[in-house]
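Chemist: Take a look at this one; I'll ask things after.
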Amino acid sequence: MRDRYEPGEFEEKWRQRWRDADLFKTREEEGRPKLYALEFFPYPSGAGLSVGHCRNYVPTDVLARLKYMQGYNVLHPMGFDAFGLPAENEALKHKRHPGPMVQEYGENYRRQMDLVGIGYDWSRCFFSSDPSYYRWTQWIFKLLYRKGLAYHKLAEVNWCPKDKTALANEEVVGGLCERCGTPVERKAIPQWFFKITDYAQRLLDDLEDLDWPEGIKAMQRQWIGRSEGVQFRMEWTLLEGDRSVDQPRARESDPDLESLMAEVRAEGEPNADAESLRKADGFAQRLGAIAGDAISAEELHGAGKEIARLGEGLEIRRTAPPSFEVYTTRIDTLFGVTFCVVAPEHPMLKEVLPGVGPAIAASVREYQAAAGRLSDAARSDEGREKTGVFSGAYAIHPISGRTVPIWVADYVLMGYGTGAVMAVPGHDQRDFEFAQKFGLPIVPVIAPPGEGGLDLVAESHSAGKAYSSSDGVLVNSGVFSHRTVAQAQNDLADWFEANEIGSRKVVFRMRDWLISRQRFWGCPIPVVYDAEGGLELVPDDQLPVLLPDVPHYEPGEDASSPLASIPDFVNVTTQDGRLGRRETDTLGGFACSSWYFLRFCDPHNDEKPWSPERVAEWMPVDCYVGGAEHAVMHLLYARFWTKVLYDSGLVPVKEPFQRLMNQGQVLGYTPYRNATDKESLDVGETGVLVTPEEAANLPESEVTWRWVRMSKSKGNVVTPDEAIAEYGADALRLHELFVAPFDADVEWKNDGMQGSARFLSRVFRLVAEGWREEASDSPRADEEAWIEVAQRAYHRCLKKTTDDIERFAFNTAVAAQMTLLNTLSEQWANRGSLSTNGIERWREVLKGFVVMLAPMAPFSADELWEAMGEEGYTYHQEWPTVDERLAAATTVTIAVQVNGKLRDTIEMDAASDRAEIESAALVLPRILEHTQGKEIRRIIVVPGRLVNVVV
RNA sequence: GCCGGGGUGGCGGAAUGGUAGACGCGGCGGUCUCAAACACCGUUGGGCCAAAACCCGUGCGGGUUCGAGUCCCGCCCCCGGCACCA
Numbered sequence: 003m004r005d006r007y008e009p010g011e012f013e014e015k016w017r018q019r020w021r022d023a024d025l026f027k028t029r030e031e032e033g034r035p036k037l038y039a040l041e042f043f044p045y046p047s048g049a050g051l052s053v054g055h056c057r058n059y060v061p062t063d064v065l066a067r068l069k070y071m072q073g074y075n076v077l078h079p080m081g082f083d084a085f086g087l088p089a090e091n092e093a094l095k096h097k098r099h100p101g102p103m104v105q106e107y108g109e110n111y112r113r114q115m116d117l118v119g120i121g122y123d124w125s126r127c128f129f130s131s132d133p134s135y136y137r138w139t140q141w142i143f144k145l146l147y148r149k150g151l152a153y154h155k156l157a158e159v160n161w162c163p164k165d166k167t168a169l170a171n172e173e174v175v176g177g178l179c180e181r182c183g184t185p186v187e188r189k190a191i192p193q194w195f196f197k198i199t200d201y202a203q204r205l206l207d208d209l210e211d212l213d214w215p216e217g218i219k220a221m222q223r224q225w226i227g228r229s230e231g232v233q234f235r236m237e238w239t240l241l242e243g244d245r246s247v248d249q250p251r252a253r254e255s256d257p258d259l260e261s262l263m264a265e266v267r268a269e270g271e272p273n274a275d276a277e278s279l280r281k282a283d284g285f286a287q288r289l290g291a292i293a294g295d296a297i298s299a300e301e302l303h304g305a306g307k308e309i310a311r312l313g314e315g316l317e318i319r320r321t322a323p324p325s326f327e328v329y330t331t332r333i334d335t336l337f338g339v340t341f342c343v344v345a346p347e348h349p350m351l352k353e354v355l356p357g358v359g360p361a362i363a364a365s366v367r368e369y370q371a372a373a374g375r376l377s378d379a380a381r382s383d384e385g386r387e388k389t390g391v392f393s394g395a396y397a398i399h400p401i402s403g404r405t406v407p408i409w410v411a412d413y414v415l416m417g418y419g420t421g422a423v424m425a426v427p428g429h430d431q432r433d434f435e436f437a438q439k440f441g442l443p444i445v446p447v448i449a450p451p452g453e454g455g456l457d458l459v460a461e462s463h464s465a466g467k468a469y470s471s472s473d474g475v476l477v478n479s480g481v482f483s484h485r486t487v488a489q490a491q492n493d494l495a496d497w498f499e500a501n502e503i504g505s506r507k508v509v510f511r512m513r514d515w516l517i518s519r520q521r522f523w524g525c526p527i528p529v530v531y532d533a534e535g536g537l538e539l540v541p542d543d544q545l546p547v548l549l550p551d552v553p554h555y556e557p558g559e560d561a562s563s564p565l566a567s568i569p570d571f572v573n574v575t576t577q578d579g580r581l582g583r584r585e586t587d588t589l590g591g592f593a594c595s596s597w598y599f600l601r602f603c604d605p606h607n608d609e610k611p612w613s614p615e616r617v618a619e620w621m622p623v624d625c626y627v628g629g630a631e632h633a634v635m636h637l638l639y640a641r642f643w644t645k646v647l648y649d650s651g652l653v654p655v656k657e658p659f660q661r662l663m664n665q666g667q668v669l670g671y672t673p674y675r676n677a678t679d680k681e682s683l684d685v686g687e688t689g690v691l692v693t694p695e696e697a698a699n700l701p702e703s704e705v706t707w708r709w710v711r712m713s714k715s716k717g718n719v720v721t722p723d724e725a726i727a728e729y730g731a732d733a734l735r736l737h738e739l740f741v742a743p744f745d746a747d748v749e750w751k752n753d754g755m756q757g758s759a760r761f762l763s764r765v766f767r768l769v770a771e772g773w774r775e776e777a778s779d780s781p782r783a784d785e786e787a788w789i790e791v792a793q794r795a796y797h798r799c800l801k802k803t804t805d806d807i808e809r810f811a812f813n814t815a816v817a818a819q820m821t822l823l824n825t826l827s828e829q830w831a832n833r834g835s836l837s838t839n840g841i842e843r844w845r846e847v848l849k850g851f852v853v854m855l856a857p858m859a860p861f862s863a864d865e866l867w868e869a870m871g872e873e874g875y876t877y878h879q880e881w882p883t884v885d886e887r888l889a890a891a892t893t894v895t896i897a898v899q900v901n902g903k904l905r906d907t908i909e910m911d912a913a914s915d916r917a918e919i920e921s922a923a924l925v926l927p928r929i930l931e932h933t934q935g936k937e938i939r940r941i942i943v944v945p946g947r948l949v950n951v952v953v
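With this note's numbering applied, the first sequence covers 3 to 953.
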């Protein structure tokens, strides 16, 4: 019998046997509990797997194997996220077609996963680029469309000039393409969107009950970005001066205006011809010149409208004074408003500008143009100083009637809220900075409660900080003064609603999900347009809309999909036989990965995307394992689709992934050299990446080694192939499990696997010796007690192993195996001589040990199992049950403390009661030493644990 | 700035408010060997010391408790995410 771990001698044999026996085929037997274990849908990269990837595959496999042995029906499938930009870019680089390429890469992944011994049911494998799969992706797209959740519109989108496609908001990080780091441009193209915003509240609320890492939930909450506030209307005017809402506004008349308007009226009916436009322009200029004088805002505005009507044939609808909407979450600071700010793109500016003086109008137009030229990245640059210009108009405070200037500044974003804010520099940092830069007044209206509260606010201001805390009471706020922030928020919201000037409003930061991509390698969108631009869905019986089989698929220069230049694909007839044109954009890869977990339940169904019974059987995923980098995108999209499918009665669950686990990253030791004078480094880079060979040839002072995430581009990858060739699959598996807690990052060192290999060798030896042992005629007298020590150690270990695997504490589960081995080895060394029965019972313990080891080190376990004379596979063994009587300790070490300091320990029967423990403790010499001559005040006894004598 | 997670020997890390440092790596001493490697045995938080005993010790400062790595308050530092979102 083998007495060392020699993986090269037996691993391949078991791989073969497992494959031949179809060992990991999903069991779907009635009456068993189920476990659906799943890892994130991988894109199979050409570089293959690294030991870093194994850090989620191995632990999930251990859990799946344990659950199977415990009698669960286990679904543990694997497939490949083959559509999308990474695959297409890789294929372009190698001048290959992405189809066969991903197929080949996927097969390599599969080979490697088998090498590591991951127990997948490969009969369920699919690629998201399989027509039999994407047919149903298209089917779900249609469902979304019919439910009004997919829409097509011209939109200014994030455009990556390198990848030549539009990107979702989630794919833009700090103004750069998340994938290639190219600055994103704005571009107006017709796009498909999914209306995920309709589900914002539910996506937020349902996070509550998910067993997910806090950090991921927090990131999703932040991305959804719910805020509660008040949106209200503010009137604006071109004239400065106080207005009381209670007084009718004074009407002044102006002779210049009267004569101007007489001329305008004389022009007669509205007309859009060039001559009228020219005249209207002239009138508008004259009106602007008058605006500086004392005329009423209403009149001025009315006149502006009249002139506009003349030029553009517009109807005059507005009779109320002009106004704009603002949104705030701090309505309690309303009395601290000293100006307003609108985004440069705000539509009200079109109405304001004709009424203001030419100098102001010009400066606003110039500012708008400058803002338009700025990239998003530049606009949101950190620490950028505030910029802005006065618009020429004034907002009228809804309560005080006072006018405050309206500024135009790009720190207000058109895409959020109303694109206009009431600025409260006293209590908002951004407004504070703006006010300081442009010399606008700062009025404190919130003060911490108590004497001198206002001084604290003043202190904060002189330190350059707005007082933004909501802990305080209102001051300088008319009748609302002295109320707390919370009260005032409520009262003011009530006031706005009662006066019908505004109302409470919930705003989400999340936008709709942009899903179309102007690229070839993706799921075609099943839509046809007719000549009039009308849109129809491709009928179900014509799905899938297949990607054409073409040799060239390079993206176009002009924001059009490569599919657009393939006439056979584009030109179709509509349902009623007219000429039609296919949609040529494809779906972004995230669409494909938003439902694959449902398809795994029923992967070969060609009538439906899945059978409801199969999905009801398996969903939700009980344990979903992957990296934290998908915190927002994939996990949010998949949740959204699941909810839509739930609402349509197609799946019985509201949430796809009940429990989510993020594995830690594996870091490789990576050399960087100092940059030369001529080289410039990107932000965050502190050196130039070099290969280890290059590093070896450089002077030591030139090279810095750092731990960075393993990736092919960094050249710091260790593949499972290499690791297994040297140490074997089980040593790799054990090391992955043992090296650190599951969610901690790991600095990878190959020789760490040596320890695991040593452990396995010792197991082999212990088993071999146990089977070699021969019975003695005169066995040791206390054989019963001797064997019980082993049995107790075994059951304690079994209990811990089972618990630890379930709670993803694999490192301590492995430690428990090592502890058991240590105990058994020691016991074995002291075996003396044993009877036949004694040896038999010893071997039973070893069999249990091997079965318990099987999920973590399956190759060795099966090899040992066979060597022990057993048939079949450890995978088919029942997971042993813990004998609680044996798992419980008989004797315990009781700590004896005096005043909380440990002074001695005593061995006692585990069943000893308080009185026994106490009396045993008090007579210990070392305790007496510390208690003599002192008064014993109290004695705390924790049975099975400790005694604390308080003197 | 906001949010999340952390800070324990030389290192990775264990520890339902109850003996801090399980388990492993590394180190040290030894056995085997001509020798090395492998393997095996012993030892390994710091101080003091021949040893025992004792003292110190879980980022820092307070607190609660018979007892705090663990709970509470106030800080510091590290990692990750978000960031002009009104």
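Idealized CB from N, CA, C, for every residue including glycine.
Report, in whole angstroms, the separation of the C-beta atoms of arginine 511 and glycine 227, which I expect to be a contact under 8 Å.
Modeler: Along the first sequence, read from residue 1 onward, the residue named residue 511 stands at position 509. Along the first sequence, read from residue 1 onward, the residue named residue 227 stands at position 225. About 3 Å; that satisfies the 8 Å criterion.
Chemist: Distance check for valine 769 and serine 862, CA to CA, integer angstroms please.
Modeler: Here residue 862 corresponds to residue number 860 of the first sequence, with the count starting at 1. Here residue 769 corresponds to residue number 767 of the first sequence, with the count starting at 1. Approximately 12 Å, taken between the alpha carbons.
Chemist: Is glutamine 431 helix, strand or coil when you go by DSSP?
Modeler: On the first sequence, residue 431 is found 429 positions in, with the first residue counted as 1. Glutamine 431: helix per DSSP, three-state reduction.
Chemist: Given threonine 933, which residues of its chain have a CB within under 7 Å of its CB, disregarding the five upstream and five downstream residues?
Modeler: The sequence position of residue 933 within the first sequence is 931, counting from 1. Excluding residues within five positions, the ones whose Cβ falls inside 7 Å are Val900, Val951 and Val953.
Chemist: CA-CA distance, leucine 548 and leucine 589?
Modeler: The sequence position of residue 548 within the first sequence is 546, counting from 1. The sequence position of residue 589 within the first sequence is 587, counting from 1. Distance between the alpha carbons of leucine 548 and leucine 589 is about 13 Å.
Chemist: Hey, how far is the Cα of isoleucine 318 from the Cα of glutamine 233?
Modeler: Start at 1 with the first residue of the first sequence, and residue 318 comes out as number 316. Start at 1 with the first residue of the first sequence, and residue 233 comes out as number 231. Annotation note: pLDDT 33 at isoleucine 318 (below 50); position unreliable, coordinate value reported separately. Going by the C-alpha atoms only, they are around 26 Å apart.
Chemist: Using the DSSP secondary-structure output, state which residues sit across from lysine 36 in a beta bridge.
Modeler: Mapped onto the first sequence, residue 36 falls at position 34. In the DSSP output, where bridge partners are listed per residue, lysine 36 has Asn75.
Chemist: For the beta strand (DSSP E) that contains cysteine 625, what are its first and last residues?
Modeler: Here residue 625 refers to the residue found at position 623 when the first sequence is read from its first residue. 625-628 is the span of the beta strand (DSSP E), which, as asked, contains cysteine 625.
Chemist: Whole angstroms are fine: how far does the CA of tyrosine 555 sit from the CA of leucine 25?
Modeler: As a position in the first sequence, residue 25 is number 23, starting the count at 1. As a position in the first sequence, residue 555 is number 553, starting the count at 1. Roughly 41 Å between the two C-alpha positions.
Chemist: Could you tell me the alpha carbon to alpha carbon distance between aspartate 578 and leucine 537, rounded to whole angstroms?
Modeler: Here residue 578 refers to the residue found at position 576 when the first sequence is read from its first residue. Here residue 537 refers to the residue found at position 535 when the first sequence is read from its first residue. When rounded, the distance between both Cα atoms is 13 Å.
Chemist: So, at 6 Å on beta carbons, what are the nonlocal neighbours of valine 943 in its own chain, with the 5 sequence-adjacent residues on each side left out?
Modeler: Counting from one through the first sequence, the residue named residue 943 turns up at place 941. Closer than 6 Å at Cβ, skipping near neighbours: Arg916, Ile919, Glu920 and Val949.
Chemist: Between alanine 856 and threonine 838, is the Cβ-Cβ spacing less than 8 Å?
Modeler: As a position in the first sequence, residue 856 is number 854, starting the count at 1. As a position in the first sequence, residue 838 is number 836, starting the count at 1. No; because the gap between Cβ atoms is not below 8 Å, this pair is not in contact.
Chemist: Any idea what DSSP makes of lysine 149, helix, strand or coil?
Modeler: Walking along the first sequence from the start, residue 149 turns up at place 147. Three-state result, lysine 149: coil.
Chemist: To the nearest angstrom, report how far apart proline 546 and valine 529 are at their CA atoms.
Modeler: Within the first sequence, numbered from 1, the residue matching residue 546 stands at position 544. Within the first sequence, numbered from 1, the residue matching residue 529 stands at position 527. Roughly 11 Å between the two C-alpha positions.
Chemist: Inspect the CB distances between the segment 131-148 and the segment 581-600 and report whether three or more fall short of 8 Å.
Modeler: Output reads yes: the segment 581-600 touches the segment 131-148.
Chemist: Have a look at glycine 315 and valine 391 and give me their C-alpha separation to the nearest angstrom.
Modeler: Within the first sequence, numbered from 1, the residue matching residue 315 stands at position 313. Within the first sequence, numbered from 1, the residue matching residue 391 stands at position 389. With a pLDDT of 45 at glycine 315, under the threshold of 50, the predicted position of this residue should be treated as unreliable, and no value is reported.
Chemist: Do you know how far the Cα of tyrosine 38 is from the Cα of proline 79?
Modeler: The sequence position of residue 79 within the first sequence is 77, counting from 1. The sequence position of residue 38 within the first sequence is 36, counting from 1. C-alpha separation (whole angstroms): 9 Å.
Chemist: Can you tell which of Trp881, Arg580 and Glu585 has the C-alpha that lies nearest to the C-alpha of valine 572?
Modeler: Your numbering for residue 572 matches position 570 in the first sequence. Among Trp881, Arg580 and Glu585, the Cα nearest to that of valine 572 belongs to Glu585.
Chemist: Using only CA atoms, which one of Cys342, Arg4, Asn171 and Ser325 lies nearest to valine 426?
Modeler: Here residue 426 is taken as the residue at index 424 of the first sequence, counted from 1. It is Cys342.
Chemist: Kindly indicate the opening and closing residues of the beta strand (DSSP E) around aspartate 398.
Modeler: Mapped onto the first sequence, residue 398 falls at position 396. At residue 398 the sequence reads isoleucine, which differs from the aspartate that was named. From DSSP, the beta strand (DSSP E) with isoleucine 398 extends over 391-398.
Chemist: Tell whether a beta-carbon distance below 8 Å holds between glycine 524 and glycine 591.
Modeler: Position 522 of the first sequence, counted from the start, is the residue given in the question as residue 524. Position 589 of the first sequence, counted from the start, is the residue given in the question as residue 591. Yes. Within cutoff.
Chemist: Within the same chain, show all residues whose beta-carbon is closer than 8 Å to that of proline 250, passing over the 5 residues directly before and after it, in chain order.
Modeler: Residue 250 sits at position 248 when you count from the first residue of the first sequence. Its pLDDT being 35, under 50, proline 250 is placed unreliably by the model, and nothing is read from it.
Chemist: Check phenylalanine 26 in the structure and name its three-state DSSP category.
Modeler: Along the first sequence, read from residue 1 onward, the residue named residue 26 stands at position 24. Of the three classes helix, strand and coil, the one that applies to phenylalanine 26 here is coil, per DSSP.
Chemist: Per the contact definition of three or more C-beta pairs closer than 8 Å, is the segment 556-571 in contact with the segment 203-215?
Modeler: No, because fewer than three Cβ pairs between the segment 203-215 and the segment 556-571 fall closer than 8 Å, the two stretches do not touch.
Chemist: How close, in whole Å, do the beta carbons of glycine 81 and phenylalanine 43 come, if the pair is a contact with beta carbons under 8 Å?
Modeler: Numbered from 1 along the first sequence, position 79 holds the residue referred to as residue 81. Numbered from 1 along the first sequence, position 41 holds the residue referred to as residue 43. Confirmed, Cβ separation roughly 7 Å.
Chemist: Would you kindly work out how many angstroms separate the C-alpha atoms of alanine 66 and proline 654, rounded to a whole number?
Modeler: Position 64 of the first sequence, counted from the first residue, corresponds to residue 66. Position 652 of the first sequence, counted from the first residue, corresponds to residue 654. If I take the Cα positions, the gap works out to 23 Å.
Chemist: Cutting at 6 Å between CB atoms, please list the residues of its own chain near alanine 373, excluding the five before and the five after it.
Modeler: Indexing the first sequence from 1 puts residue 373 at position 371. Correct list, in chain order: Pro346 and Asp412.
Chemist: Residues in its own chain within less than 7 Å of aspartate 248 by CB, not counting five upstream and five downstream?
Modeler: Reading the first sequence from its first residue, position 246 is the one you call residue 248. Its pLDDT being 38, under 50, aspartate 248 is placed unreliably in this model, and the value from its coordinates should be taken loosely. So the list is empty, once near-sequence residues are dropped.
Chemist: Going by beta carbon distance, what residues of the same chain come within less than 6 Å of methionine 712, once the five residues before and after it are set aside?
Modeler: Residue numbering aside, residue 712 sits at position 710 when the first sequence is read from its first letter. So the list reads Ser52, Gly54, Val668, Gly670, Asn718 and Val719, once near-sequence residues are dropped.
Chemist: Based on Cα-Cα distance, which residue from Ala437, Ile398 and Arg367 lies nearest to lysine 388?
Modeler: Taking the first sequence and counting its residues from 1, the one referred to as residue 388 is at position 386. When only C-alpha atoms are compared, the closest one is Ala437.
Chemist: Starting from the Cα of arginine 485, find the closest Cα among Val406, Thr335, Ser613 and Pro550 and give me that residue.
Modeler: Residue mapping note: residue 485 aligns to position 483 of the first sequence, counting from 1. The residue with the shortest Cα to Cα distance from arginine 485 is Thr335.
Chemist: Can you name, in chain order, every residue of its own chain whose Cβ lies under 8 Å from the Cβ of alanine 746, other than the five neighbours on each side?
Modeler: Stepping through the first sequence from its first residue, residue 746 is reached at position 744. So the qualifying residues of the chain are Gly666.
Chemist: If you draw a straight line from the alpha carbon of alanine 891 to that of glycine 50, how long is it in whole angstroms?
Modeler: As a first step, residue 891 must be located in the first sequence, where it is residue number 889. As a first step, residue 50 must be located in the first sequence, where it is residue number 48. Answer to the nearest angstrom: the Cα atoms are 48 Å apart.
Chemist: Compute the Euclidean distance between the alpha carbons of isoleucine 362 and alanine 395, then round it to the nearest angstrom.
Modeler: One-based indexing of the first sequence puts residue 362 at position 360. One-based indexing of the first sequence puts residue 395 at position 393. Taking the straight line joining both Cα atoms gives about 10 Å.
Chemist: Counting only runs that start and end within the segment 533-620, where is the beta strand (DSSP E) found for 3 or more residues in a row?
Modeler: With a minimum length of 3 residues, the continuous beta strand (DSSP E) runs that stay inside the segment 533-620 are 537-539, 573-575 and 581-584.
Chemist: If you draw a straight line from the C-alpha of glutamine 660 to the C-alpha of aspartate 213, how long is it?
Modeler: As a position in the first sequence, residue 660 is number 658, starting the count at 1. As a position in the first sequence, residue 213 is number 211, starting the count at 1. Cα-Cα distance, rounded: 6 Å.
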